[in-house]
Amino acid sequence: MPVKVINAGLATTIQDLGRPGYYHLGIPLSGAMDRLAMRAANMLVGNSEDAAGLEAVFMGPELEFTQDALVAVTGADLPPKLDGEPQETWTAFAVRSGQVLSFDFLRSGARAYIAISGGIDTPMSLGSRSTYAIGALGGVDGRGLQAGDMLPLRDGNQVSVGRTVPEKLRRGPGSHVELRVLPGLYWHRITEAAGAGFFDDVWKVAPEADRMGYRFQGGRALTFVDRQAPFSAGSDPSNITDACYPYGSVQVPSGTEPIVLHRDAVSGGGYFMLGTVVSADMDLIGQLQPHTKTRFVKTDMNGALAARRHRAGILEDIRAALA
């Protein structure tokens, strides 16, 4: 039996771990912005880690259940309520048929993940149920949730109510965030002083922050090394001959405001890439609210690989805690 959407919230979408393998065709990975939180929510209710759930941004939806289920809410501190009664986050709780799940005001973070036992069973698009709204793929008719939508569920596994992720394994943003950056192929385009300033300055998340990318403001503008623009590159010093963009690429159009490309980003274009945020820090970006103070920290390949191993270790610890 399906779950009925009474109120969709601000920007709630169906997401799983995305659709890899199509980026070379211009179709991004999509999927949960905070993949660790999505995985943890699914583990709590007995789903496979790649099952489809809901990603709610700043405001939660209001959902009426037409069958008994287990639910877990992770990621941002967006307190769930069941028929008005508060429920714990990062913990599996039971929902009975006829009950309504709603949410209190956001306390911290930006994106909450709602997993329901069995997982959401909307049609697959290129191997994923993730919503990529720009390409009208996945989700409900390729869009975010709307009031009146009915969300079908798969059959769930039997797991215990009250399973919880230990506090020490719940990662969330603080009031001041550091993002590790591996300098990229186009680092030579900026002066030495500009490179030092980029890492020394304190930036703030701009209001223009979404699934395509996060913009940052407040630091000094970059200065570029003089050049003769190559054939087909634009006249702006930040322009290059079109190139591919990896996830986490840090673009700085006109050298003023860095943009970190995220899950729904385009796959290529004509802006230079100062570097790339390491994969271990991409989840954290998805939890940043506008105006959050942020510093970029220079790292190397060994540092990036160490960060990835540490993040993988956190996931293994969550799996062990819930086994």
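Using the working numbering, you'd call the opening residue of the sequence shown number -9 and step up by one each time.
The C-beta atom is built at its ideal place from N, Cα and C for all residues, glycine as well.
Buried/exposed call for residue i, threshold 16 Cβ in 10 Å
i     : result
G8    : buried
L175  : exposed
L112  : Reading off the sequence, residue 112 comes out as Thr, not Leu. It counts as buried.
D273  : buried
M(-9) : exposed
P248  : buried
G65   : buried
Same chain, Cβ closer than 6 Å to residue i, neighbours up to 5 away in sequence not counted
i     : result
M49   : G(-1), L0
V(-7) : L53, F55, L141
A294  : L172, V268
D271  : L169, R170
A104  : For the record, residue 104 in the displayed sequence is Ile; it is not Ala. The residues are G43, L44, V63.
Q77   : P70, F83
N229  : A223, G260
N147  : G36
P236  : T266
Own chain, CB closer than 7 Å to residue i, minus 5 neighbours either side, in chain order
i    : result
L305 : L26, R29
D94  : P69, K71
G224 : G260
T282 : P163, V167, K194, V195
R179 : F214, V215, F262
Segment limits, alpha helix (DSSP H) that includes residue i
i    : result
I275 : 272 to 275
F55  : That residue, F55, is in no alpha helix (DSSP H); its beta strand (DSSP E) goes 52 to 55.
A313 : Note, A313: premise wrong, no alpha helix (DSSP H); not H, not E.
A183 : 182 to 190
R29  : 25 to 34
Chain B within 7 Å of residue i, Cβ atoms only
i    : result
E168 : The structure shown contains no chain B; it is built from a single protein chain.
Where the beta strand (DSSP E) containing residue i begins and where it ends
i    : result
A102 : 98 to 106
R210 : R210 -> no beta strand (DSSP E), and no H or E assigned at all.
L251 : 249 to 251
I110 : I110 -> no beta strand (DSSP E), and no H or E assigned at all.
Euclidean distance between Cα positions of residue i and residue j
i    : j    : result
I160 : L264 : Ile is not the amino acid found at residue 160; the sequence shown has Arg there. Distance between the alpha carbons of R160 and L264 is about 31 Å.
G109 : V90  : 18 Å
V61  : S20  : 23 Å
G152 : N37  : 15 Å
E75  : L96  : 16 Å
S118 : T3   : 13 Å
G16  : L127 : 13 Å
P197 : T81  : 31 Å
A233 : G258 : 5 Å
Q136 : L212 : 42 Å
G201 : Q5   : Before going on, a small fix: residue 201 reads as Arg here, not Gly. Distance between the alpha carbons of R201 and Q5 is about 12 Å.
M291 : P243 : 25 Å
T79  : G238 : 28 Å
T246 : D145 : 50 Å
Supposed contact pair residue j and residue i - C-beta distance, whole angstroms, cut 8 Å
i    : j    : result
H300 : G276 : Between G276 and H300 the Cβ distance is about 18 Å, and since that is not below 8 Å, they are no contact.
G208 : V250 : Wrong, their Cβ atoms sit about 15 Å apart, outside the cutoff.
P10  : Y122 : About 13 Å separates the two Cβ atoms, so there is no contact after all.
Beta-carbon contacts of residue i that lie in its chain and below 8 Å, excluding the five residues immediately before and after
i    : result
E86  : Before going further, note that residue 86 is Arg rather than Glu in the sequence given. Answer for R86: F55, D58, listed in chain order.
L278 : A100, P163, V167, V195, A199, Y204, T284
G132 : S115, T121, Y122, A123, G125, A126
A183 : T213
V287 : E168, L169, R170, V171, F189
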